[in-house]
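**Student:**
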């Protein structure tokens with residue numbers, strides 16, 4: 035497949051396959067196409083399935099999220115259409131790795147791609163390019179893919195973006211939770227409604243976040259006594275508030291930089307002086323798991 039025909043298919047918004055023998059130049063053509071698309075204003079995301087954990091559906095989605103994190107800061111750039119003005123093209127290399135995965139993993143991943151393809155108006159993902167040897171032409175997820183095809187209420191997409199602020203790992207985690215735990219709660223039209231999702235976020239999502247290795251380590255670090263000053267700053271200036279806060283004091287700036295490194299805050303890269311909570315989910319995690327541990331005299335009702 036030459037680069038020009040491939041570009042034509044991508045420009046038309048098709049979900050396409052770039053296949054060929056090993057060492058046949060697929061990667062070179064892919065890099066040429068990505069460079070061309072970037073010059074034309076597309077956002078190109080590259081991920082390889084080579085290093086993805088395929089032991090279970092849960093480990094697949096978590097490791098996939100971490101892979102995205104190395105190549106793009108905000109997964110919402112292709113997850114929610116309203117959150118990105120540019121068209122996004124996703125390149126998935128080593129696609130044949132799905133042959134080694136269980137049916138449930140193939141069904142979950144291919145079902146998610148199928149759902150996005152059939153509801154493109156709700157997503158900024160314009161095209162997806164699967165890359166691999168000739169064998170990927172025959173890759174499917176059998177009947178389970180069809181059984182897992184669902185319609186997600188657009189309000190859920192908006193809520194996920196609001197809760198995660200586009201954090202790639204958290205967005206993937208939310209997607210995994212939907213595919214693993216909420217499939218059985220679909221209505222007769224195989225639609226996941228917002229109230230079902232909201233109930234899950236209240237009762238179960240926070241524990242899923244805490245079980246995510248990155249955030250489990252975050253809680254471990256922030257509950258140490260040496261993080262007390264930094265968490266005092268979070269309590270006084272950031273918890274429950276999601277607009278930028280200007281930090282001009284040098285000591286507080288150092289604390290804010292530490293919190294940014296730990297993933298609690300994000301910094302305004304234009305002014306360099308503004309900081310805010312990285313996401314609603316992290317805010318909830320800090321209020322429920324960190325502050326009560328560090329400041330035991332504070333009633334839970336004051337922080338929940």
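Numbering (this note's numbering), first residue to last: 35 to 338. All C-beta atoms in this analysis are idealised placements derived from N, C-alpha and C, irrespective of residue type, glycine included.
Within its chain, find whatever has a CB closer than 7 Å to the CB of residue 229; leave out the 5 residues flanking it on each side and keep chain order.
**Tutor:** Within the same chain, residue 229 has no close Cβ partners at all.
**Student:** When you compare only the Cα positions, how much space is there between residue 44 and residue 51?
**Tutor:** One C-alpha to the other measures close to 10 Å.
**Student:** Only counting the same chain, and skipping five residues up and downstream in sequence, which positions put a Cβ closer than 7 Å to that of residue 255?
**Tutor:** For residue 255, where only same-chain residues beyond five positions count, the Cβ hits under 7 Å are 261, 296.
**Student:** Who are residue 127's beta bridge partners in DSSP?
**Tutor:** Answer is 82.
**Student:** Would you mind listing the alpha helix (DSSP H) stretches within the segment 272 to 312 that are 4+ residues and don't spill past its ends, in chain order?
**Tutor:** You should have 284 to 295.
**Student:** Using only CA atoms, which one of 133, 206, 82, 267 lies nearest to residue 93?
**Tutor:** For the residues 133, 206, 82, 267, the minimum Cα distance to residue 93 belongs to 206.
**Student:** Once DSSP output is grouped into helix, strand and coil, what is the label at residue 142?
**Tutor:** If DSSP states are grouped into helix, strand and coil, residue 142 belongs with the helices.
**Student:** Would you be able to state if there are at least three C-beta pairs under 8 Å between the segment 307 to 314 and the segment 276 to 296?
**Tutor:** Taking 8 Å as the limit for Cβ pairs, the verdict is that the segment 307 to 314 does touch the segment 276 to 296.
**Student:** Rounded to a whole number of angstroms, what is the C-alpha to C-alpha distance between residue 49 and residue 160?
**Tutor:** Residue 49 and residue 160: Cα-Cα distance of roughly 8 Å.
**Student:** Considering only their Cβ atoms, is the gap separating residue 196 from residue 127 smaller than 9 Å?
**Tutor:** Cβ distance not < 9 Å, so residue 127 and residue 196 don't count as in contact.
**Student:** In chain order, what residues of the same chain lie with their CB nearer than 7 Å to the CB of residue 41, ignoring the 5 residues before and after it?
**Tutor:** So the qualifying residues of the chain are 67, 70.
**Student:** Locate the beta strand (DSSP E) running through residue 159, then write down its first and last residues.
**Tutor:** From DSSP, the beta strand (DSSP E) with residue 159 extends over 159 to 166.
**Student:** Buried or exposed: where does residue 238 fall if 16 or more other Cβ atoms within 10 Å of its Cβ makes it buried?
**Tutor:** So residue 238 ends up on the exposed side.
**Student:** When the Cα atoms are used, what is the spatial distance from residue 72 to residue 86?
**Tutor:** Each residue's Cα considered, the two are about 26 Å apart.
**Student:** Please report how far the alpha carbon of residue 112 lies from the alpha carbon of residue 120, in whole angstroms.
**Tutor:** Note on residue 112: pLDDT 44, under 50, position unreliable in the model; no value is reported.
**Student:** Is it buried or exposed, residue 210, if we count other Cβ atoms within 10 angstroms and call 16 or more buried?
**Tutor:** Buried: at least 16 other Cβ atoms inside 10 Å.
**Student:** Identify, in the order they occur along the chain, each residue of the same chain with its Cβ nearer than 6 Å to the Cβ of residue 135, setting aside the five sequence neighbours on each side.
**Tutor:** Closer than 6 Å at Cβ, skipping near neighbours: 88.
**Student:** In terms of alpha-carbon separation, which member of 99, 269, 39 lies closest to residue 200?
**Tutor:** Ranking 99, 269, 39 by Cα distance to residue 200 puts 99 first.
**Student:** Do residue 125 and residue 80 have their C-beta atoms within less than 9 Å of each other?
**Tutor:** Yes; because the gap between Cβ atoms is below 9 Å, this pair is in contact.
**Student:** Looking at the secondary structure, which residues open and close the alpha helix (DSSP H) in which residue 324 lies?
**Tutor:** Counting along the chain, residue 324 falls outside any alpha helix (DSSP H), and DSSP gives it neither H nor E.
**Student:** Bridge partners for residue 225 per DSSP, in chain order?
**Tutor:** Note: residue 225 sits in a beta bridge opposite 185.
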